[in-house]
Every structure is written in C-alpha cells, then in structure tokens.
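Protein chains in written order, with numbering that gives the first Met the number 0: chain A, 0 to 435; chain B, 0 to 513.
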Amino acid sequence: MPIFIDRRLNPKDKSLSNRQRFLKRAREELKRSIRDHVRTGRIAEVDREHAVPMPRKGTSEPNFSDARDSGQRQHILPGNKSFSPGDLIPKPGGGGAGSSAPGTTQSEDDFRFVLSREEVLDLFFEDLELPDMVKLNLKQILSFKPRRAGFTASGAPTNVNVGRTMRNSHGRRIALRRPKQAELDAISTQIAELESKPPNQAIRERIAALREEVERLERRRRRIAYVDPVDIRFNRFDPQPVPNASAVMFCLMDVSGSMGEREKDLAKRFFVLLHLFLTRRYERTDIVFIRHTHEAKEVDEHTFFYHTESGGTVVSTALEEMHRIIEQRYPVAEWNIYAAQASDGDNFATDSERCIELLDRKLMRLCQYFAYVEIIDERESHIFGSTENGTSLWRAYNAVDGKWPNFQMRRIAAPADIYPVFRELFARQPALRKSA
Amino acid sequence: MVSQARKSELLFSGSDWDFAKLSRVYDEIEAIGVEELHLDIYPVQMEVISSEQMLDAYSSVGMPLMYRHWSFGKHFLYNELLYRKGARGLAYELVINSNPCIVYLMEENTMALQALVTAHAALGHNHFFKNNHLFRQWTDAGGILSYLDFAKGYIARCEERHGLQAVEAVLDAAHALMEQGVFRYHRPPKLSSEQQREGLRERLEYEERSYNDLWRTLPPAQDKNKPEAGDESLAERKKSLKLPEENLLYFLEKNSLVLEPWQREIIRIVRVIAQYFYPQRQTQVMNEGCATFVHYTLMNMLFDRGRISEGAMLEILRNHSNVVFQPAYDDPRYSGINPYALGLGMMQDIQRISTEPTAEDRDWFPDIAGRGDWRDTLLDAWANHRDESFIRQYLSPALIRKWRLFVLADGADEPHYEVASIHNERGYSKVRSALARSYDVGASRPDIQVVDVDLLGDRHLRLQHKVKDGIQLEDESRDATLRHIRSLWGYDVSLAAMDAETGAVLSERSTKEL
C-alpha cells in the first residue's frame, strides 16, 4: 500500500512570488503597454483584467540555439500520402525562412497573458498621488489611536494581562513558600493511614502533631493569597498620534446644454479615471459628486456617470453647493479637501466673476488642491493650445491660477489627452507654480 | 481459474474516488504489474493536488521544491494562459524521479482516471526510473529532494545577504548555459550528502572570514618554483585546465577568477539540476512509451479479469486514445511526433514481433522474432536503451509503413524541400536512422566547448562551436548568451564557429564587439 498525502489544503499560489518577480522585471514595458491600450480604448476598461503581450526586453531567456535559417537538416514526418523519393515541395512563404511546415509551435515569447485588475491599476497609477497630502498633515491636528506599550500595575479590569499576572503570582508564591495543595494532601493521607491502624499513644501523638501541621499550613495558605493585588498587571496602551489622512474629493461636472456628447464623454472619462485613482490609492477617501446646469445638485456615483439631464449654465452654483457641503460635513480641520472641475468653459461673464470671487474668498482657502479641466473642441486646440485666451471661464480662472499655487488648469481636446493631463495634475511632487 | 472467478468483483464503481478505493486499486495494479510484467519499482508516495497546484508544479519544472526565479513566473503565466483558454489540458499526473517515487494525482480526476494514472505513473514511469541505466547512473533518486531543499534554502539565504538583484544576475547567466551545463560523456559525481555539504559550506565561510591578504605576498615555495610564466606551452596549459571542456558551467564554476564562493555554489546548483534532467530529455519516447504500454496492458488485464466495469474501461480507453493520438504532418493539429504514440507503437510492435512475426520481421529481428518472450525483451530495452538507440534497434519496417513515415531534406538555401526517403524497401533503414538521430540529444544540440584560456595573460576565454551540417547559432540569442558568460567569467569571451568536418573556422564572435 502506497503512502497517501492529501495536499489539496496546502497553500496554492506557490508561484505567486515568481509571478511577482517576473512582473517587476517587466514593469516598465508592461506599464507602457497598459497606458497605450487605455489611451486608445475606453477609460473605464482600466478597471478590469488586461491581456498584455509578453514583454521582450529583460525577460528573454537566451541560450545557444540553432538558427532556423542555416544548414542542412532532415525532418521526419508521419502520414505520407503521395510523396515518392525525389519529390520537391516548395517551401511555404516563398522559400525564405523554411520553417512553418516542420513542427513549429507558438513560442513562449509570442503570447499575451492576463494581468489581474489589481496589477493593472497598480501599474497604471504608479507615481501618482494627491498633491500636498503630507504637508497639510503636519499642520493638522492629529488624531490618536491607542497602541500597546508594555504593562502597568493599574488599569481597567478589561485590560488585565492574565499571563503576566499569573507569572507574578507564581513567583511570589515560590518566594514566600506558600504551602502547596500537594503537601496538604500528603499529610491528610498520612493521617488517614495512621487512623486506620490500631490506636496507641505514639500514633495518637503523631496524629495530633500532623493535625497541627495541617492547621499551620492552612493558616499560612490563607495569609499568602494565591493571587494578590500586587501580582496583577494590566496591558498599557499609549495614545499614538495618527496622521490624519482623511480626504474628500469634490467632482464638479458641467452637464449643461452646451456640453455636447463629445464633451460630456471626455469629462466623464476624466472623472472615471479620477474615481478609479482615488478608490485605488486611498482607502478612506470620500468622493462627492456634484453636477450642475443652471443649478447644482449632489448626486450619487451612478447618476453622476450615467444620468442624462440638461439645461443652462451657471457654474457658480456648483461652487456654492460645494461650499455648502464643506460647511455641513467636512470641517477643514479634519479633512483634506480636493476638487476637480470639468466644464466646456461656457458661462455668463457675470457668473464667471462670481466664480472668481467664490474661489478667491472661500474655496481656495479651504481646498488643498483645485484642478480645473476644460473640454475644448479639437479644432480649437491648436488655436488655444497654450495661450491664455479662451472661454469666459478659462479667462476668469486664469486670474485665480495666478494667485493660488494650489490651483491648476488644463485643457483636454481629445481622448488621448486625458491621461497625460491627468498625470500632470496628479503627478507626485507636482510643479506647483507655473509662471502666471 | 476458480480463484479468479471468485475474485471477479469490481475494484470500484462510480466516478467518485476516495483513499480507500485508491489504495485498493493501487494494490491490485501493483500485484498484477509485478506478477505479469515483472515490474520492479520504488515505493510509491501518492499526493493528491488541485489544478492550481498542478499549474504551480508545472512552472517549477515539475519539482515539488524549487528556488525562486522570475523565469518560473513567466512559464507559469504561459501555462496558465494555455490552460485557461482551453488550448491545453493539464496532465492528469506528474511523477518525480525520487525514492520514494512521488506521484501527483489531480483531485478532479474520476476514479477510472485515477486507476489509469496509477498504472501509468506509479508503475510505468516508476519502473523506468528505477531500472533504466541512464537514470541509475546519472541521477540520484534518493538525494534529489533533499538537494532541492538545500538549493532553495541556500538561494533564499543568498538573496537575503547579497540582494535579489545580485542573485538574479547569477541565476540568469547560469540558466542561459543550462544546456551546456551537463556532462555528456563522463559520469557526474554523486550528490554529496547533507553533512558533507554542510561541512563544505562551513569551510567556505571560514575561509572567507579568515582571509588575510598578507599570505599572498609570501614568496612561493622553493621546491616547486619552476620557470612557469614564459614557456608553458599551449598543450600543457590546456592539460592543467583539463581542456577542452564541454561543461561550461562546470568550467566557470571551477575556474572563474571573479566569482565569489556563493556565486559558485549557485552555479553548481543550476548545474546539478540540469544534470538531473539530462536523462529525462534523452528518454522521452521510451519513458512515456513504457508508462503508456504498462497502463494499457494492465488496464486491459484488469478488465479481462472483470475487475473494471465496462463504463470505466470505456472512459479509460477514451483518455488513452486521446493521449496516443498522432495526427499526420498535414493535419492542423500536428505538432511533431507524439512520444506517447511512438513509444507505445514500438513497444506493442515488439510484442507482436515476439509472438506473431512475419517473414520480414524474422529478417530484421532474428533475435527476438517468434521467441514469445516479449516481457523480457521489453524489460531489457527499458533497462538498457535511450531513445536514440531504442529507435535505431527496434523501429520495424511494419511500423514505418503503418505510420507512413518519410524524411524531408531541408537545405536552408534551397527553395524546395526534397523528399529524401519514404516507407519503402530502400527507405526503411534511412528513415529509421534519421529518426534515431533526431532523438540524439547529444548530437542535435549545439556542440560548444571551452578550448583555451590564458590565465596568466589577458584571460581571454575561447569557446568553440563545432558546426554540423552548416547549422549556425541564432545570432541574437548567441550574443546575449555570450554576454552572460562574460559576466560570469569577468573577462572577454569569444566563440569561434568551426566546421566539424573540414575544421575551417567559419566565423568568430567576441564580447569585445558587443
């Protein structure tokens, strides 16, 4: 009979670390291929598994192998149907690389393999982070979290450390020679033994002596407690300052009539990317979605991305709504506040003035970072390219941009711009100041 | 007969398996295998694993223990992809040449398949591993698992001490030379035991600790100081380094001037593993043929004795015929000659020649035709042959006709393939020797040797590639490999391509040009 071993419950993924080593090695190439893919495809597709081609650089395994296109060789094949010796068969592919007929299989370097969603996002969002997160923390009030820090002699009963306590009690009992139960038992059996014998003087005396001894021991046991208050130890907890990393991101999107299908699509893609980035990178980030026409409304994620609604444009309503929400729910002292706004820049001149005022007076003081993304026509992109000219909102925001280092604005004309712009806005260590 | 009739109850029914059934089936199969086929096997250890674990095992070249390296991750991805796409099924079993012989069974297999796998791996492969001369002489079944355990631990410790990158660099380079890291002609030394390795390592560490540069400045001992530098002839130099040397890894490990002790040990590990797998590469057809022949024969015997139900037998046969399916060369499914099919075909052919030979067989195989002792013939073949010699000796004209084998001559410069020989009277022996040659691992791999190095001069390492039939090396991969050798050797390396027949030097490539 053979030995059987059931290995099904053994850990799987024995090769996981090998897989990670491989991905690390191919990191740069994989990153590029994912980004290319996303630039051309749909942004929302980032959030899923990806098939990527086998990276070549850095992961080839060279060895001395025969070149296929040199020399004389022989192939032995089964299943001859009509050939006789001396027959000539033209090589496929114009006789160039005589390869395809005799047993060529797909080589390992030509296949595409699947990266999990996690791996894709990790590669995709590498080197990005919310700007200035740390800096603000230093100024922030810190919150505290209890952390284990040794033992103490006083504390709440819930924190009693039983192990420590019993260890102390044991030591004390040994030091003070507290009689053990076993000793008492031994004497009791001795007494019982003596009592079972025929009584005489010597035995009676011996019994009396033993009883006295028992008495003495028990008194001693009563005096020296099994567990004494001096033994008791409590777990000590130290309040440990925890950097406050709670952040909220406001997503403001213009859905007014002037935003066509294309503009809305680009804006949405930008926000999808932002959404993915935040949920991926930060465990605890609140996201507030605000969409506005001539009036602004806080909506949920689904409505934000998929609901269709239209109307006029009053941008300031969105900023007001944002301000209201901050006052209500996100005290500046506790929250890092970020905002990203997307619009086509169409706005009443008077309202643009109001926007400047709102930003300047209120919001920019509260916000850690404010990013404005303007969706422009592809035809306009080369006109506006890098000039300060532009839509009413763009010109208005330009003034803000000059005053506040934590304000950034960019233009997007085509889907391909989204990721680069996104990177610029959220690159680690951003160049905060640009010439006004 | 009576006892057989009494015993004629089914070994199992239904498709679910449990350990009691597995054990019953194994005992029965082992008994019948030993009794009817005279198999001689290592004790068996069966391990039940899931499909993910099977994929894991695949990527670490089928071994239960392996050190970590990114290339295994790459192979894992590749296998996983093929499996997920359904392009390739997983093997039902995996068997390891160790003592006790470890057989992996997939948990998903039905009971009928487990029986098949037991006969295939636990009996067939196991017998082959224990008896074939290549495995007996060149691998150490008892020591391999403990050696791999040591290798894994050692490399992990190196990674901790010297950093992942440094270790990876050595492993990359050593992996590139794995093909050239085996002794083909003389037998490798036996794996040292645990204690010896421990002692060796301690000595190395002691040397590292107690190294004193002062000793180097002492004048050399008087009695040995011959005037070495100037007139040492080439021949002497080669002799002192035991050149030419076919085992590049061995040469680098022993002679490189730039390697640290731990780097040498890593090269040694790669070399030992390459050597361990060398016999497997030479006996693919025989090994699979032996296992397939054994499972086919044993399953039929069990069925004949009424121990396996018709339903289970049907399932077994279906799987069996999938395994031994050989499409013709023009079939889209064709991907080379199926070693299972060729091995089984030849072994059944030997059985046929032995029991009911034709006149032709008597002509070709006077030793075995009609003698009826096919068991002994097969046992002898399994013990004493490798693929090349087995085919050269036993491929019969009848089988060549049945397979309709033909030989295609392929000159790189010709626009045509030429049909050189086919399955006819004039072609039999040519087809046979061409097929045998194609299984000769020693001949079909590039022959590269260290031919010279001037250790007292510029330390330029010279390699030589014997070009057979004008088959050159692939440029890009050759250059990359040379770079790897340079990193291990520390000085320039050049590779000269020399025609095997004429001795003319065709080309030379040096790392200076890279």
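Cβ coordinates follow ideal geometry from the N, Cα and C atoms, glycine included.
Problem - Contacting positions in the region 71-83 of chain A - beta carbon closer than 8 Å to chain B - result: Gln-71, Arg-72, Gln-73, His-74, Ile-75, Leu-76, Pro-77, Gly-78, Asn-79, Lys-80, Phe-82, Ser-83
Exercise for the section: For the region 172-182 of chain B and the region 468-488 of chain B, state whether three or more C-beta atom pairs, one from each stretch, are separated by less than 8 Å. Expected result: yes
Handout entry: Beta-carbon proximity check, Pro-178(A) vs Arg-210(A), cutoff 7 Å
Key = no
Handout entry: Contacts of Ile-421(B) in chain A (Cβ-Cβ under 7 Å)
Key = Asn-79, Phe-82, Ser-83, Pro-84
Exercise for the section: To the nearest angstrom, report how far apart Gln-139(A) and Ile-355(A) are at their CA atoms. Expected result: No answer about Gln-139(A) holds up, because its pLDDT of 47 lies below 50 and its placement is not dependable.
Practice task
For Arg-18(A), decide whether its Cβ has a neighbour in chain B, counting only Cβ atoms nearer than 7 Å.
Solution key: yes
Practice task
Check the C-beta distance from Ser-286(A) over to Leu-251(A) and give it rounded, since I have them as a contact under 8 Å.
Solution key: The residue asked about is misnamed: residue 286(A) is Ile in this sequence, not Ser. Their Cβ separation, rounded to whole angstroms, is 12 Å, which puts Ile-286(A) and Leu-251(A) out of contact at 8 Å.
Handout entry: Assigned secondary structure, His-319(B) (DSSP; H/G/I helix, E/B strand, else coil)
Key = helix
Practice task
Kindly indicate which three-state DSSP category Asp-555(B) falls into: helix, strand or coil?
Solution key: Missing from the structure shown is residue 555(B); chain B here goes from 0 to 513 and no further.
Handout entry: Burial state of Glu-512(B), where buried means 16 or more other Cβ atoms lie within 10 Å
Key = exposed
Handout entry: Local conformation of Ser-391(A) per DSSP, three classes
Key = helix
Exercise for the section: Might you give, ordered along the chain, the residues of its own chain that have their beta carbon closer than 8 Å to the beta carbon of Asp-446(B), omitting 5 neighbours on each side? Expected result: Glu-245, His-464, Lys-465, Lys-467, Ala-499
Practice task
Compile a chain-ordered list of the residues in the region 482-512 of chain B whose CB is closer than 9 Å to at least one CB of chain A.
Solution key: Arg-482, His-483, Leu-494
Exercise for the section: Flag this pair as touching only if the region 314-322 of chain A and the region 351-371 of chain A have three or more C-beta atom pairs under 8 Å; answer yes or no. Expected result: yes
Problem - Coarse secondary structure for Ile-231(A), derived from DSSP in three states - result: coil
Handout entry: Burial state of Lys-144(A) (16 or more Cβ within 10 Å)
Key = exposed
Handout entry: Gly-342(B) beta carbon less than 7 Å from that of Val-284(B)
Key = yes
Exercise for the section: Give a yes or no on whether the minimum CB-CB distance between Asp-409(B) and chain A is below 7 Å. Expected result: yes
Handout entry: Straight-line Cα distance separating Leu-242(B) from Glu-259(B)
Key = 23 Å
Problem - Endpoints, the beta strand (DSSP E) within which Thr-376(B) is located - result: Per DSSP, Thr-376(B) belongs to no beta strand (DSSP E); it is in the alpha helix (DSSP H), 373-383.
Problem - Per-residue DSSP class, three states only, for Val-113(A) - result: strand
Handout entry: Any 3 or more C-beta pairs closer than 8 Å across the region 131-140 of chain B and the region 447-460 of chain B
Key = no
Exercise for the section: Using the Cα positions of Asp-222(B) and Lys-238(B), report the straight-line distance between them to the nearest angstrom. Expected result: In this prediction, Asp-222(B) has a pLDDT of 48, which is less than 50 and means its spatial position is unreliable; what the coordinates show is noted afterwards. Asp-222(B) and Lys-238(B): Cα-Cα distance of roughly 22 Å.
Exercise for the section: Would you check if the distance between the CB atom of Val-390(B) and the CB atom of Ala-340(B) is smaller than 7 Å? Expected result: Sequence inspection shows Ile at residue 390(B); the Val mentioned does not correspond to that position. No, the Cβ-Cβ distance between Ile-390(B) and Ala-340(B) is not below 7 Å.
Exercise for the section: Starting from Ile-574(B), find everything on chain A with Cβ-Cβ shorter than 7 Å and list it in chain order. Expected result: Any question about residue 574(B) goes unanswered here, given that chain B covers just 0 to 513.
Handout entry: Neighbour list for His-68(B) in chain A, Cβ cutoff strictly below 8 Å
Key = Asn-17, Arg-20
Handout entry: Proximal chain A residues relative to Lys-73(B), where beta-carbon distance stays under 7 Å
Key = Phe-21, Thr-58
Practice task
Would you mind working out which of Glu-473(B), Gln-347(B), Lys-73(B), Leu-64(B) sits nearest Val-323(B), comparing C-alpha positions?
Solution key: Gln-347(B)
Problem - Own chain, CB closer than 6 Å to Leu-122(A), minus 5 neighbours either side, in chain order - result: Leu-29, Lys-30, Ile-33
Practice task
Please go through the same chain and pick out, in chain order, the residues whose beta-carbon is closer than 8 Å to the beta-carbon of Phe-347(A), but skip the five residues on each side of it.
Solution key: Thr-312, Val-313, Ser-391
Handout entry: Local conformation of Cys-366(A) per DSSP, three classes
Key = coil
Problem - Limits of the unbroken alpha helix (DSSP H) element including Ile-390(B) - result: 386-393
Handout entry: Below-7 Å beta-carbon distance, Ser-14(A) vs any chain B residue
Key = yes
Problem - Backbone secondary structure at Asp-121(A) - three-state DSSP - result: helix
Handout entry: Nonlocal neighbours in the same chain, by C-beta distance under 6 Å from Leu-394(B), ignoring five residues either side
Key = Arg-431
Handout entry: Reference Tyr-490(B), options Ser-49(B), Tyr-205(B), Leu-256(B), closest by Cα
Key = Leu-256(B)
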